[in-house]
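Each residue of the sequence shown is one higher than the one before, counting from 209 in the working numbering.
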Amino acid sequence: SVKAVKDEFDETTLSGATHYKPPAKLRMRSEFAMSSRDDRHVDADDESTGVVLHKDSKWYQSWENFKDNNAYMNKVFDLKMKYDESDHLLVRGTRFFTDKMGQLFGGVFSKTELSDVLTEICKVEPDFDKERFLKMCEKEIIPNILEAIVRGDLTILKDWCYEAPFNALAAPIKEVKKAKYVMCSRVLDINNLDLAAGKMMEQGPVLVIMFQSQQIIVVKDQKGNVVEGDPDKIMRVTYVWALCRDQEEFNPRAAWKLLDISAVTGSQFL
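Dropping the structure here:
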């Protein structure tokens with residue numbers, strides 16, 4: 209039952225074992241920024257006539273061009289966030305997603321390419337280490353972004369995301385707030401985190417991570433009535449995130465931003 213699972217989480221906390229703990233305070237990525245540059249600086253786009261693009265826009269445009277020319281990546285990142293557990297195709301899709309994602313990425317990225325990306329990162333971060341990066345994702349990047357999503361904290365979310373993923377994630381949050389509903393969702397756990405792939409873009413390195421989370425997804429009205437989701441149902445969400453590193457930012461805790469996201473959701477089998 210859901211209660212049994214919740215109790216298990218609570219017991220794990222009491223026993224001192226390691227499991228997901230939500231941040232006491234969500235932090236801004238920019239709080240740790242060490243670069244002296246002005247992030248708002250606008251560079252001219254030499255490849256276009258009369259067009260000036262913000263650095264973030266050029267990042268995302270480059271990534272979109274890469275995806276447009278790669279059918280596999282389009283399939284991965286075109287997946288939409290859905291929460292209807294009765295959708296059997298979605299459940300089957302979740303199984304395929306978890307079982308086949310490794311070999312799918314194997315057909316898109318080579319191990320040599322990932323190695324080249326990690327080498328490039330080390331040029332600005334000499335002590336970069338894959339395991340330490342994944343630990344930072346587990347303890348800082350993922351919790352801050354996920355909690356911002358479930359809490360509806362648009363300020364935090366915007367700080368961690370490029371414009372396109374922010375707009376996609378912010379849209380349902382804005383609808384909830386417009387209706388004066390309350391977001392009561394919770395992240396219970398994060399697991400199966402792995403570095404799936406890497407890609408060198410013109411603007412810098414992109415690392416693709418995969419992980420799963422257990423979440424309770426609930427929206428209530430001001431009287432406490434549930435208008436969406438189920439407080440007694442744990443959902444398993446499989447995520448693929450593309451994170452890009454700002455090569456002008458020396459502090460790794462401030463350097464990574466969410467460039468793209470996909471999620472497949474299914475009921476947690478208890």
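Yeah, the Cβ is synthetic: ideal placement off N, Cα and C, and Gly gets one too.
Excluding sequence positions up to five away, which residues of its chain have a Cβ less than 6 Å from the Cβ of residue i?
i	result
F240	N459, R461, A462
Y228	D397, I398
R245	Residue confidence is low: R245 scores 45 on pLDDT, short of 50, so the model does not pin down where it sits. Its coordinate-derived value is still stated next. For R245, where only same-chain residues beyond five positions count, the Cβ hits under 6 Å are E456.
P230	E355
C392	V426, K428
Decide if residue i is buried, meaning its Cβ has at least 16 other Cβ atoms within 10 Å, or exposed.
i	result
Y447	buried
K407	buried
A379	exposed
G432	exposed
T473	buried
K331	exposed
Report the option in the options whose CA atom is closest to the CA atom of residue i.
i	options	result
D337	T473, Q430, K386, L403	L403
L467	E346, V434, I442, Q411	Q411
M409	E328, Q423, D361	E328
G360	W449, L377, L396, M236	L377
S238	I349, S393, R444	I349
V480	S270, W464, E457, K385	Summary: the structure shown does not reach residue 480, with the chain confined to residues 209 through 478, and so no result is reported for it.
P190	L342, T473, Q455	Since the displayed the chain opens at 209 and closes at 478, residue 190 lies outside it and no answer follows.
V435	E383, A471, R340	E383
Q269	V426, W464, P439, A372	A372
W464	C369, A471, N273	C369
I381	V426, E339, D438	V426
Assuming residue i contacts residue j (C-beta within less than 8 Å), just tell me the rounded distance between them.
i	j	result
N375	I364	Wrong, their Cβ atoms sit about 15 Å apart, outside the cutoff.
K347	V390	That pair is no contact at about 28 Å.
R444	I424	Not really, about 11 Å apart at Cβ, beyond 8 Å.
L396	I442	7 Å
C452	V414	5 Å
Q430	K388	6 Å
A405	L322	6 Å
In the DSSP assignment, what residue or residues form a beta bridge with residue i?
i	result
V445	S421, T473
G406	L415
V426	G437
L466	C369, L451
M391	V427
D397	Q422
By Cβ distance below 7 Å, which residues in the same chain neighbour residue i in space, the five residues on each side in sequence not counted?
i	result
L234	N352, E355, A356, D361, I364
K308	Residue confidence is low: K308 scores 42 on pLDDT, short of 50, so the model does not pin down where it sits. Its coordinate-derived value is still stated next. Within the same chain, K308 has no close Cβ partners at all.
N400	F419, Q420
N273	none
Using a Cβ-Cβ cutoff of less than 8 Å, which residues in the same chain neighbour residue i once the five nearest sequence positions on both sides are dropped?
i	result
D367	M236, R237, S238
V325	G406, K407, M408, P413, V414, L415
L342	L401, D402, L403, I417
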